[in-house]
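In my numbering, the protein residues as written are 289 to 500.
Note that the Cβ used here is the ideal one computed from N, Cα and C, for glycine as well.
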């Protein structure tokens, strides 16, 4: 908590105290670089660009870790190709990391070929995907908690159940309805829900074939 207060709230407090909110420079160089230039810090642009590069690299590393472990987990459950379950002697899912990296490179290549279409599509669907993920989490919580209570294995009792989860579900459904009726956001909802339906059908087919 103190880190958030120091590095985020503290830095924002300095920015709004030093740089006017309507400073034209904010649209071209950003608020942090503007603060450094107010204090006449040399090489302000280089410093900010370096920090951004490190932050992006950190995000990329985190994303590769998450994607590869998720792919490995799917493979162990038979929901992804078996080769992604291979690990090194130290337990690293090397094939899953390699597959995730190749997909990332494919995305970069696609963005290079059609930068406006690929980047805009990915950027537009981010918000809708986040809403869909939390929607599924809320529905899962409603169903799984009932089953855990019935089995007597519930260990964590979230207060406000089931009303909080129901409220979340209703709010997300309302957000999707608003987005569908807004021309600027309709595409991201259609792409997100459409791809989710396709993936769900593929998963259903694979599960049915495995069970049969």
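Does the Cβ-Cβ distance between residue i and residue j come in under 8 Å?
i	j	result
residue 352	residue 413	no
residue 322	residue 334	no
residue 374	residue 382	yes
residue 416	residue 477	yes
residue 326	residue 342	no
residue 434	residue 479	no
residue 359	residue 368	yes
residue 384	residue 350	no
Would you mind reading off the limits of the alpha helix (DSSP H) that contains residue i?
i	result
residue 383	382 to 401
residue 478	471 to 499
residue 453	451 to 468
residue 531	Only positions 289 to 500 of the chain appear in the structure, and residue 531 is not among them; the question remains open.
residue 363	332 to 364
residue 321	319 to 326
residue 301	298 to 306
Can you say whether residue i is buried or exposed, counting buried as having 16 or more other CB atoms within 10 angstroms of its CB?
i	result
residue 407	exposed
residue 295	exposed
residue 319	buried
residue 426	buried
residue 371	exposed
residue 467	buried
residue 336	buried
residue 293	exposed
residue 460	buried
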